[in-house]
Structure formats: structure tokens, C-alpha cells
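*Asks:*
There are 2 protein chains.
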Amino acid sequence: MARQNTVFKDAFNRCLLQLADTASLPSEPELGNVLGVSRTTVRAILARMEELGLIRWNKRAKTVLRQPKAEDYFPEDETNSLSTIIERSFMRRILAGGAEAGMQINELEIARDIGIGTTSVREFLIRFSRFGLIEKRPNSHWVLKGFTREFALELTEVREMFELRSAASFVTLPPEHPAWADLQRVEAIHHELLADIDNRYAEFSELDERFHLLVHRSSANRFIVDFYDIIAIVFHYHYQWNKTNARQRNARALEEHLDYIAALRSRDAEKVEAACRRHLRSARETLLQSIP
Amino acid sequence: MARQNTVFKDAFNRCLLQLADTASLPSEPELGNVLGVSRTTVRAILARMEELGLIRWNKRAKTVLRQPKAEDYFPEDETNSLSTIIERSFMRRILAGGAEAGMQINELEIARDIGIGTTSVREFLIRFSRFGLIEKRPNSHWVLKGFTREFALELTEVREMFELRSAASFVTLPPEHPAWADLQRVEAIHHELLADIDNRYAEFSELDERFHLLVHRSSANRFIVDFYDIIAIVFHYHYQWNKTNARQRNARALEEHLDYIAALRSRDAEKVEAACRRHLRSARETLLQSIP
DNA sequence: TAACTGTCTATTGTCGATAAAAGACAATAA
DNA sequence: TTATTGTCTTTTATCGACAATAGACAGTTA
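In order, the protein sequences belong to chains A and B. Sequence positions in the first sequence follow numbering that gives the first Met the number 0 and run 0 to 291. Sequence positions in the second sequence follow numbering that gives the first Met the number 0 and run 0 to 291.
(1) Check whether chain A comes within 8 Å of B/R87, counting only Cβ atoms and requiring the distance to be less than that.
(2) I want to see whether chain A comes within less than 8 Å of B/D197, judged by CB atoms only; does it?
(3) May I ask you to report which of helix, strand or coil DSSP gives B/L132?
(4) Do you know offhand how far A/S218's Cα is from B/S168's?
(5) On the DSSP bridge assignment, give the partners of A/Q103 in chain order.
(6) Leaving aside the five residues before and after B/Q183 along the sequence, list all residues of the same chain whose C-beta is less than 8 Å from its C-beta, in chain order.
(7) Can you pull the chain A residues whose beta carbon is under 7 Å from the beta carbon of B/N32, in chain order?
(8) So with Cβ pairs under 8 Å, would you call B/I125 a contact of chain A?
(9) Could you please give the first and the last residue of the uninterrupted alpha helix (DSSP H) stretch that includes A/R164?
(10) Terminal residues of the continuous alpha helix (DSSP H) containing A/T83?
(11) Only counting runs of 4 or more residues, tell me where the alpha helix (DSSP H) segments fall wholly within the segment 26-61 of chain B, in order along the chain.
(12) Quick one: which residues of the segment 209-226 of chain A get their C-beta closer than 9 Å to a C-beta of chain B? List them in chain order.
(13) Do three or more CB pairs link the segment 88-103 of chain A to the segment 67-75 of chain A at distances below 8 Å?
(14) Are the CB atoms of B/N241 and B/S289 nearer to each other than 8 Å?
(15) What are the residues that DSSP puts in a beta bridge with A/S23?
(16) With H, G and I counted as helix, E and B as strand and the rest as coil, what does DSSP make of A/Y259?
(17) Beta-carbon within less than 7 Å of B/Y227's beta-carbon, same chain only, minus the 5 sequence neighbours each way: which residues are those?
(18) Among residues of its own chain, excluding the 5 on either side of A/R246, which ones have a beta-carbon nearer than 6 Å to its beta-carbon?
(19) For the alpha helix (DSSP H) containing B/K242, list its first residue and its last residue.
(20) On the criterion of 16 or more Cβ atoms from any shown chain inside 10 Å, does A/E153 qualify as buried, or is it exposed?
(21) Are there three or more Cβ pairs, one per stretch, closer than 8 Å when the segment 148-165 of chain A is compared with the segment 110-121 of chain A?
(22) Closest by CA to B/V233, which one among B/V63, B/D195, B/F127 and B/D71?
(23) Just by C-beta distance, which residues in the segment 131-147 of chain A are closer than 7 Å to chain B?
(24) Leaving out the 5 sequence neighbours to the left and right, which residues in its chain are closer than 6 Å to B/S88 when beta-carbon positions are compared?
(25) Do the CB positions of B/K8 and B/E50 come within less than 8 Å of each other?
(26) Short of 7 Å in beta carbon distance, which residues of its chain neighbour B/A151, apart from the five on each side in sequence? Order them along the chain.
(27) If you count every other CB in all the chains shown that lies within 10 Å of the CB of B/H189, and 16 or more means buried, which is it?
(28) Is there a Cβ of chain A sitting closer than 8 Å to that of B/M160, yes or no?
(29) Is there a Cβ of chain B sitting closer than 8 Å to that of A/R121, yes or no?
(30) By the criterion of Cβ-Cβ separation under 8 Å, what are the contact partners of B/K118 in chain A?
(31) Would you verify that the beta carbon of A/V271 is, or is not, closer than 8 Å to some beta carbon of chain B?
(32) Taking the CB atoms as reference points, tell me whether A/I85 and A/F146 lie closer together than 8 Å.
(33) Report the three-state DSSP secondary structure of B/D195 (helix, strand or coil).
(34) Just the Cα atoms here: how many angstroms apart are B/E293 and B/R209?
(35) Please confirm whether A/A178 and A/V271 have their CB atoms less than 8 Å apart.
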């Protein structure tokens, strides 16, 4: 069991969706492009599809024989990559469960807990360490620094610097820059969510990430863009286990975003700064309130 | 050969220095503290010292019998941790050797090259990825993004934001804060180096890191402090292989630092900002000039 | 009785092995 | 003659194993 074939299973499931409205599938390299996998994996998928009687496969001819049924798909939890599994398990440990700052983190224990080898856990922790929530004692354990008030303040301090600068550079983008079109699409979704906020407020989290990432990208600075990962993951998991007032909180943020977007589209640097500051201030308040 | 005993060898060498001016060694826990290793390693060191006839060891009594000779020490290259070895080798590859942007990075090749396993190489690359110079294609290779002009500009943009803010918070530190004493010591070393610049200009690199780290620390923000790692490692390796005008360059930087330090000690926020900006501008110019 | 030592166990750091996935190259088909 | 397929090789992701190191606990010494 050196490596699970999760890439194959995930790509297979996605490929079943492709089957929907064609009588035959494209060439192997093209399928590989669409699914983001190599030809080796494409051929494994095709072989399995043939085996299940979904297609007839003879060299270039890949004729669809029938539409996929529910039981043709692999179970979703078999398609998660190991690093996703570790991330979820670890975030639950430190954000949802009561984890005090200063606690030791034990690689072996985590590995045994999830039922995997230590290598992947180590790699995850190393990747995770850039979020500033854990720290390594060389030749020894990791220390949890905790999702504390100080953490939130340090995080938002940098976030505010970066976002203000990014927003300022957004207005200097030439009108033909694709970011303007993206902004319009994002704005439209804001209106959609607001119109049906009672049912769709939970979709805000994803939209929030999309909008702010769009702003950060306009800085054209990899360090600024990469830093947004930290914000995104912290907000994502934190609010996943902190749903108090979610509907109201998200509605307010949507309104603030719309002001912010309007300011960006006005291309007036002062308005942008004002709207951006307003939103950042209230985002910070909201975050701080949710930390005991 | 699961793991080299480099921790032991390095601590042993450092322990030999401790032998200099005492007739007997302290307790095992205390030695462990001084050397930064566990008692297990301390006992291994004591055992070896006894074997070499350096001490007589009987429970609490650890009598020094003779001073260490050159051949008692382990060769220095046996004391480098594996991650240090990989780091050096990798930095030489990408900064010294002609490495073009877009080049693929092959874990197995690096591992074979150095003569180690792939695990450590992977871990190094993951840790290194936060420097923004490489990027992972999932399930596939890493891509070298190159030490380019854009990289330098993005790096210095963030650096300038962070350092200006840190310098501003430095002047608000209370007079009894240890940073002021550190600053005084750092200032003194600046004068020492300047007084003998022809012989000691090479020591600037280390002093530079110490000074700027001191400034960044006053931000009390882990993300700002951690970011300085990136600056430090990039400058360290870059100037290690780029010695043109080193003497003149360093002398000028020392002068700028002294202005900057004087401004900090004046506690005048405007002066600080001006001096900081001047130094950052010239540091950026110098860096950009050294990139083709 | 408080710190130190002897001894033992648990965890980390690193390797080699292996299934999965990527990718190179020649043969084939349109 | 250009893209596609068949086949084969290389690399990545992951595990289990094991030496080095850290750390726990009980017995010992001052």
C-alpha cells in the first residue's frame, strides 16, 4: 500500500460527468488536459469505463454506450488526497477541539490516529508551519502556539497592509485587464446571494475568498498573494466551527463588499481606501469577537 | 544508516571548548542546557571524553585530565545537519550555477547527487517553497521560478512595507526594553567594522542580518519577523557569490545603518522614516544592480 | 530533600522499497 | 506529416524499519 490511487479515482469520477452530453470521448491527451492528469491515468480511466460497460474502446474510437449510474462512481472519501485528509483532521484538532496554546504536537500520535505513516504528517506540519500556528523544536516535538487574540491581531495587521496596497494597485489596472471582468462576475454573485440570503448565506465563505484573492492578485506580488492563503485557510476553518450570527454577519459583509466593489469601479483611490478600511475594520472586529 | 549522529558530534565539539578553563564539568542536566541537547547526548559526549582520556568520569565527578588537541575534534563537515547540507547544495545550484527560470527540479536527481534519500530533499523543498523561488506541480515536479528582477522587486516591496512599520514601532518601545541595549551593542560593532573596514568588511553580512532582525522584531508580529528569514537567506547566499565592490558596498551600508540607528535613538518618527527609506532605497538599488 | 544519575521507553530523522502517476519514444493511423 | 496510441522508463507519494535523540521515572547521592 505505497500509495493510494486517489488521483485515478477522483479523475474517474470527474470523467463520468464528461460523459453526459457526448456520443464519444476525445483523444487521450485531450482528456488528460481536461482532467489535469497524465495519459497513464487517462488510460486507466478508459480501461475501467470499458470494464463497466460505459464505453466501447478501440484505439481512437471511444463510443459512449450508456450514461453512468450512481454506483459507477467511487465513494467520495476515496478520492481525497492524503494531505487533504490530514489537513482536515489537524484543523479540527486545533480549532474545533479545545487545544491550548503551548501544547505539544506529536507526529507519531497524529499518524497513528489517522492510520497513516509519519512521513506525510511531517510534511503536512512543515507546510502548515508557515501559518504561524505551530513551531518546531529541532530534534524534538512541535509546539502549538494557539489560535489566540494575538495571533488574530498579527494576522490582520499584515492582511490590512497587503489588502490596502493591493486595492490601490487594482484601480491602476488598465480597463482591458481581465480582473475587471472578474470583478463584475463577482459583483453579480453578491447580488444573487443577497437576494436569497436566507437560503444562500452559507455560500458567502467561498465568495469572500474569491473576491479578496482577486484583489490581492492585482498586487502582482507573489508574497502578498501567497499570504492570502493564510487568511483564507484560517477564516475557512474558523468560521466553519463558529456559526453564531452567520446569516447576519455574512449579509453585512456582502453589503460592505458591494461598497468596496463600487469604489474599485469608480477608480477613485480615496474612495477605495475608505471602503477597504471600513471592510477590513469590521472583518477584524468580527474575527476578534469570535475568539474567547 | 537511519540517521547520522551529527547532533552528538557537533555538541561534542562545542563541549571540548567548555573544557578550556575548568577543572571539572557541571552536572549532566546543566551541560545539556548549555549545549542545547538532551541528557542522552550529554552522556554520550561524556563517555567519549572519558574514552579519549580527556576526563575521568565517575558519577558526579567529571575531572578534566587534559586539554583537547586538534585531533580530538570531529571533522567539521561531519557536524552539519542534513538539512544544512541540502540547503547549501541547492542554493549553489540555483544562485551560483546558471539556473534558468522555468527549469524543472527533480527530487530524485538532487538526492542522488548529494547521496541521500528523497525524503529529506522533499522536506527541504517544501520548507524552501515559502521563499517564492520554486513552485510545485502536484503529483509531478517542482518548477524553478528563478532569481529574477521581478522576484527582487516583489521581495523588496514587502520588505520595505514591513521594515518601515517595524522601525516606526521601534521608537515606541519603552526605554527599559532590551532592544535598546541590543541596538547599542550593534551600533558599537558598526564602529568597530568601519574602523578596520579593509580587513573586516566581510563581517558585514552577519551584522546586517542582526541589525535588521532586531528592527523587525520590534513589530511583535510573527509574520513580519518570519518574513525576514526570506530576506536574510536571499541576501546571504546572493552576496556570497556576488562579491563585486563588496568592500565599498558594505562601507556605504554601514554608514547608512549608523544614520538609521541615530534616527532610532532620537525617537523622532519622521527622522526614522527618512533614514529607513534612504537605506532601503539604496539596498534595493544594490540588489537590482547585481541581477543581470 | 532536592538535585543528580542509571535505565528504560517514545519520538524524531532518515533510508530503502514499492504502487501510483507522470512522461518519453517509437510505432501507427488519419 | 501530424496527432494519437502502445509500450516502456522515470519520478513521485507513501509506508515500514531503525539508529539517533529526547524524555520519563525510579533509585542514589550529597
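Even glycine gets a Cβ: it sits at the ideal position worked out from N, Cα and C.
*Replies:* Taking the definition as stated:
(1) So, not an interface residue.
(2) Look at B/D197: its C-beta is not under 8 Å from any C-beta on chain A.
(3) DSSP places B/L132 in coil when its eight states are reduced to three.
(4) Roughly 25 Å between the two C-alpha positions.
(5) Beta-bridge pairing by DSSP links A/Q103 to A/V142.
(6) Correct list: empty, nothing qualifies.
(7) Close to B/N32, with beta-carbon spacing below 7 Å, lies no residue of chain A; the smallest spacing is near 14 Å.
(8) Taking Cβ atoms only, chain A reaches closer than 8 Å to B/I125, which makes this a yes.
(9) Annotation: the continuous alpha helix (DSSP H) that includes A/R164 extends over R148 to F169.
(10) A/T83 -> alpha helix (DSSP H) spans L81 to M90.
(11) Taken in chain order, the complete alpha helix (DSSP H) segments of 4 residues or longer contained in the segment 26-61 of chain B are 27-34 and 38-50.
(12) Residues passing the 9 Å Cβ filter: S218, A219, N220, R221, F222, I223, D225 and F226.
(13) Segments in contact, no.
(14) In this structure, B/S289 lies closer than 8 Å to B/N241 by Cβ.
(15) According to DSSP, which records beta bridges pairwise, A/S23 is partnered with A/T62.
(16) Three-state DSSP puts A/Y259 in a helix.
(17) Taken in chain order, the residues that qualify are H211, L212 and H215.
(18) These residues qualify, in order along the chain: Y200.
(19) Careful: B/K242 lies outside any alpha helix (DSSP H) and carries neither H nor E.
(20) So A/E153 ends up on the buried side.
(21) The segment 148-165 of chain A is not in contact with the segment 110-121 of chain A.
(22) Check the Cα spacing between B/V233 and each of B/V63, B/D195, B/F127 and B/D71: the tightest is with B/F127.
(23) Those would be G131 and N138, in chain order.
(24) The residues are I113.
(25) No, the pair does not count as a contact, with Cβ atoms beyond the cut-off.
(26) Hits under 7 Å: L286, L287 and I290.
(27) Within 10 angstroms of the beta-carbon of B/H189 lie 16 or more other beta-carbons, which makes it buried.
(28) So yes, B/M160 belongs to the interface.
(29) So, interface residue.
(30) Residue identity differs from the one stated: residue 118 of chain B is Thr in this sequence, not Lys. Correct list: T118.
(31) False, the Cβ-Cβ gap to chain B never drops below 8 Å.
(32) Against a cut-off of 8 Å, the Cβ pair of A/F146 and A/I85 comes out as no contact.
(33) Coil.
(34) Summary: the structure shown does not reach residue 293 of chain B, with chain B confined to residues 0 through 291, and so no result is reported for it.
(35) Between A/A178 and A/V271, the gap from beta carbon to beta carbon reaches 8 Å or more.
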